[in-house]
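Enquirer:
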Amino acid sequence: MSEPPELKVFITTTDASCSECDERLGRGAWITLVEGKGALCLSCADLDHLIFLPSGDAALTRRARKHSTLSAVVLKWSRARKRYERQGLLVEDEALAQAEQECLADSEARERRRERESARRAELDREYVEQFAARVREIFSRCPPGRETVVAEHACLKYSGRVGRSAAAKSLDDAAIRLAVIAHIRHAETEYDALLARGYERHDARAQVEDKIARVLARWQARE
């Protein structure tokens, strides 16, 4: 058995009158169109007890429609797009209240889940940073105290695209650890940033500080 057609309510863009009660509704009136009768106001169409729910919250709209014995979609003509566009839904007051309660419960559950997932991600990232820092200290045991953490936190910053976010770094690959340390030395132990500020091209500035980076690496490197 097919579902009955969806009831439609139109917001007029021209003056309108109700063909049943003869009331002049004016522009912007809410009407239904009944075959053989023309426009009816919501009172004559027996829809004036319904509550308007604007578009925007898909879950609330879906639930309100499900709980409402009677509902109607509200449409308005868009001159710009040359078509009727959905404005919202007319539903029963009790149905809307029930839908709001369900969505409120859901939103609280979703928020708690987001908080748990956020805490878990933070915990995992902190564990990763600590592992990364430990590996830096292991390879470069003579670097200044605490510098391994600075290197790890910078390299592993989420969404940064930095070396610490690569697959190799996540497996604590020695080459990736070395690249992260080199990047730190370049910015913290050489005049690289000052050269860039003076207008040097990146590859020229890197060439200028290459020897200094190598010396710092050798000084920080663990002794065999």
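Heads up: the sequence shown is residues 1 to 224, going by the numbering used here.
All residues carry an ideal CB built from backbone N, CA and C; glycine is no exception.
Small disclaimer: the values here were computed from a predicted structure and weren't measured.
Please name the residue in C156, E201, V151, C44 whose C-alpha comes closest to that of C21.
Expert: Per the Cα distances, C44.
Enquirer: Where does L33 fall in DSSP's three states?
Expert: Looking at L33 - three-state DSSP - the assignment turns out to be strand.
Enquirer: Quick one: using the 10 Å Cβ neighbour count with 16 as the cut-off for buried, is R126 buried or exposed?
Expert: Exposed is the call here.
Enquirer: Helix or strand or just coil, what does DSSP make of C41?
Expert: Strand, per DSSP.
Enquirer: Are the Cβ atoms of I177 and I139 separated by less than 7 Å?
Expert: Going by C-beta atoms, I177 is nearer than 7 Å to I139.
Enquirer: Looking at the unbroken alpha helix (DSSP H) that takes in E148, where does it start and where does it end?
Expert: 147-155 is the span of the alpha helix (DSSP H), which, as asked, contains E148.
Enquirer: If you measure from the beta carbon of G38 to each beta carbon in chain D, is any gap under 7 Å?
Expert: In the displayed structure, chain D is absent; only one protein chain is listed.
Enquirer: Using DSSP with H/G/I as helix, E/B as strand and the rest coil, what is W220?
Expert: DSSP places W220 in helix when its eight states are reduced to three.
Enquirer: Please classify L60 as buried or exposed, where buried requires at least 16 other C-beta atoms within 10 Å of its C-beta.
Expert: Its Cβ being crowded by 16 or more others within 10 Å, L60 is buried.
Enquirer: On the DSSP bridge list, what partners appear for F10?
Expert: Looking at the DSSP assignment, F10 forms a beta bridge with I31, L75.
Enquirer: Only counting the same chain, and skipping five residues up and downstream in sequence, which positions put a Cβ closer than 6 Å to that of E148?
Expert: So the qualifying residues of the chain are A133, V136, R137.
Enquirer: Could you tell me which residues DSSP pairs with Y84 in its beta bridges?
Expert: Answer is W77.
Enquirer: Could you tell me which residues DSSP pairs with L53 in its beta bridges?
Expert: L89, per the DSSP bridge assignment.
Enquirer: Suppose you measure from the CA of A39 to the CA of T12; what does that come to, to the nearest Å?
Expert: Their Cα atoms are separated by approximately 10 Å.
Enquirer: Since V73 and K8 are thought to touch, with beta carbons under 8 Å apart, how far apart are those beta carbons, to the nearest angstrom?
Expert: The pair is a contact, with the Cβ atoms about 6 Å apart (cut-off 8 Å).
Enquirer: L225 lies in the beta strand (DSSP E); which residues open and close that run?
Expert: The question about residue 225 has no answer, for the chain in this structure spans 1 to 224.
Enquirer: Expressed to the nearest angstrom, what Euclidean distance is found between the alpha-carbon atoms of R112 and C143?
Expert: So the two alpha carbons sit approximately 42 Å from each other.
Enquirer: What first and last residue would you give for the alpha helix (DSSP H) that runs through R63?
Expert: Element bounds for R63: 58-67.
Enquirer: Could you tell me the alpha carbon to alpha carbon distance between G199 and A207, rounded to whole angstroms?
Expert: Their backbone Cα atoms lie some 14 Å apart in a straight line.
Enquirer: Measuring CB to CB, does V151 end up less than 7 Å from H187?
Expert: Contact: no.
Enquirer: Have a look at V34 and Q98 and give me their C-alpha separation to the nearest angstrom.
Expert: Taking the straight line joining both Cα atoms gives about 31 Å.
Enquirer: Which residue marks the beginning of the alpha helix (DSSP H) containing L196, and which one marks its end?
Expert: Note, L196: alpha helix (DSSP H), 192-197.
Enquirer: Given a threshold of 16 other Cβ atoms within 10 Å of its Cβ, counted over all protein chains shown, does L53 qualify as buried or as exposed?
Expert: Buried.
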